[in-house]
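Below: one structure, written as C-alpha cells.
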Amino acid sequence: MDIGFMDCIANFHTNPSDKDNKEGIFQSHSHLSAEITLLVRGEGFYAAGEQNVEVLPGDLLLIPAGLKHSYVCIKAWEGYSLHIYDQNLPPYCQYLMSHAFSQRPGPILKASLTPGAAERALAAMHQIEEECRREEKTEYSYDLLRNALETLLLAYHTGTCDQAAEAPSEHPEEQMIQDALKEIHQNYHTSLKVSDLAANHYLSESIFRKKFTDRIGMSPKQYIISLRIDEAKRLLHTSRKPVEFIASEVGFSSSSRFHDLFVKHVGMTPMEWRRSGES
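Sequential numbering of the sequence shown, starting at 1, is according to full-length UniProt numbering.
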C-alpha cells in the first residue's frame with residue numbers, strides 16, 4: 001500500500017517456552033524505517049548498544065531508522081510493531097517524532113502508558129492494520145492513517161509526561177524554538193502569522209525571526225511555506241482531491257500563489273507532480 005509514510009505493520013506473538021521457536025531471542029538487526037512498538041501482554045527486553053530496556057504491557061517504544069537493536073521475550077508476549085518512513089511523515093507527526101528523539105536520552109525510547117492511553121494506542125494500531133490490509137486505498141486512507149499515527153505519538157508524549165514532571169528547561173531559548181516549531185506544525189494549514197508566533201513569546205517580530213533563522217537555517221515564513229508545499233506534495237500523490245482544495249487545505253488562501261510557489265520549490269506544476277506519482 002503506497003501511502004507515502006507507511007512501511008508495514010505486524011501483530012507479533014512469541015512464546016519462549018516453545019523450544020522450536022527461535023524468535024524468543026532475536027539477532028541484532030536494523031530497519032530502513034523507524035519503528036513504533038506497543039506491547040499488549042508479556043514481558044521482555046529490547047537492547048541497542050549498551051542500552052537494555054525492560055518492556056511490560058502498555059509500554060510504547062520508539063526506535064529510530066538504521067539503529068541496530070535486538071529483543072528477547074522472557075514471558076509469552078503479544079504486541080504490534082509499526083514501521084514508518086519518518087522523513088515522509090505528515091507535518092504534525094513529523095514534529096512529534098523528531099521532538100521525541102531530541103528530548104529523551106538513549107537510542108530506544110519508552111513510554112509507559114496508562115490503561116486508557118494503552119487502549120487508545122491499541123485501537124490506533126488496529127486502525128492502521130485495517131487500512132493496510134485494504135487492497136486499494138480509499139480517499140480517506142491517508143487521513144485515517146495520519147490520525148492513527150498522531151494518536152500513537154501523542155500517547156508516547158503523554159506517557160513520558162505522566163512518568164515524571166519535566167524539569168524546567170536549562171535552555172529557555174531552545175525551548176522557545178521548540179514551542180514555535182510545535183505551533184507551526186500544528187497550525188501550518190491556518191492563516192498563521194510570524195507576528196503572532198513572536199507575540200506568543202513576548203518578542204518583536206524581527207528578534208524572533210533572527211533567533212528562529214539562526215537555529216533552524218531558514219526564516220519562519222520560509223519554514224511554513226516549505227511545510228505547506230511538502231504536505232501538498234504528499235496529498236497530490238496520495239489522494240484524488242482537486243488541486244484547489246489541496247491548496248486551501250495546506251493553508252494557501254490563493255490558488256495562484258500556491259501554483260507559483262509549488263513550481264518554485266518543486267520545479268513542476270502541481271498537476272505535473274501528481275502525474276509523476278502515477279507512473
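Beta carbons: idealized from backbone N, C-alpha and C, even for Gly.
Nearest CA to the CA of residue i: which residue from the options?
{"i": "residue 221", "options": "259, 234, 195", "result": "195"}
{"i": "residue 110", "options": "62, 128, 73", "result": "62"}
{"i": "residue 141", "options": "234, 210, 44, 262", "result": "234"}
{"i": "residue 6", "options": "143, 99, 70, 115", "result": "143"}
{"i": "residue 91", "options": "15, 255, 238, 232", "result": "232"}
{"i": "residue 14", "options": "27, 44, 32", "result": "44"}
{"i": "residue 212", "options": "238, 174, 186", "result": "174"}
{"i": "residue 49", "options": "30, 37, 39, 36", "result": "30"}
{"i": "residue 60", "options": "16, 94, 120, 218", "result": "120"}
I need the DSSP call for residue i, collapsed to helix, strand or coil.
{"i": "residue 181", "result": "helix"}
{"i": "residue 167", "result": "Because residue 167 sits at a pLDDT of 46, beneath the cut-off of 50, its placement in the model cannot be relied upon, and the following sentence gives the value as read from the coordinates. Coil, per DSSP."}
{"i": "residue 41", "result": "strand"}
{"i": "residue 277", "result": "coil"}
{"i": "residue 79", "result": "strand"}
{"i": "residue 47", "result": "strand"}
{"i": "residue 34", "result": "strand"}
{"i": "residue 109", "result": "strand"}
{"i": "residue 62", "result": "strand"}
{"i": "residue 299", "result": "Nothing can be reported for residue 299: it is not among the residues displayed for the chain, which extend from 1 to 279."}
{"i": "residue 189", "result": "coil"}
{"i": "residue 70", "result": "strand"}
{"i": "residue 272", "result": "helix"}
Can you give me the Cβ contacts of residue i inside the same chain, cut-off strictly under 8 Å, excluding the 5 residues immediately before and after it?
{"i": "residue 236", "result": "243, 246, 270, 273, 274, 277"}
{"i": "residue 190", "result": "251"}
List the endpoints of the continuous alpha helix (DSSP H) containing residue i.
{"i": "residue 52", "result": "From DSSP, residue 52 is part of no alpha helix (DSSP H) but of the beta strand (DSSP E) over 51-55."}
{"i": "residue 214", "result": "205-216"}
{"i": "residue 11", "result": "No alpha helix (DSSP H) holds residue 11; the beta strand (DSSP E) holding it covers 6-14."}
{"i": "residue 230", "result": "220-238"}
{"i": "residue 102", "result": "91-103"}
{"i": "residue 261", "result": "255-266"}
{"i": "residue 122", "result": "115-133"}
{"i": "residue 196", "result": "194-200"}
For residue i and residue j, I'd like the C-alpha separation in whole angstroms.
{"i": "residue 260", "j": "residue 268", "result": "10 Å"}
{"i": "residue 264", "j": "residue 125", "result": "38 Å"}
{"i": "residue 161", "j": "residue 214", "result": "29 Å"}
{"i": "residue 155", "j": "residue 180", "result": "21 Å"}
{"i": "residue 202", "j": "residue 208", "result": "9 Å"}
{"i": "residue 254", "j": "residue 182", "result": "25 Å"}
For residue i, collect the residues of the same chain with a Cβ closer than 7 Å to its Cβ; drop the 5 residues on either side in sequence, then sort them by chain order.
{"i": "residue 224", "result": "184, 188, 192"}
{"i": "residue 41", "result": "57, 77, 78"}
{"i": "residue 89", "result": "5, 97"}
{"i": "residue 145", "result": "3, 6, 128, 131"}
{"i": "residue 117", "result": "155, 158, 159"}
{"i": "residue 205", "result": "194, 195, 198"}
Say yes only if the C-beta of residue i is nearer than 7 Å to one or more non-hydrogen atoms of the ligand ZN, and no if none qualify.
{"i": "residue 79", "result": "Ligands are entirely absent from the displayed structure, and the ligand ZN is therefore not among its contents."}
Short of 6 Å in beta carbon distance, which residues of its chain neighbour residue i, apart from the five on each side in sequence? Order them along the chain.
{"i": "residue 34", "result": "64, 65, 84, 86"}
{"i": "residue 106", "result": "51"}
{"i": "residue 75", "result": "42, 43"}
{"i": "residue 102", "result": "none"}
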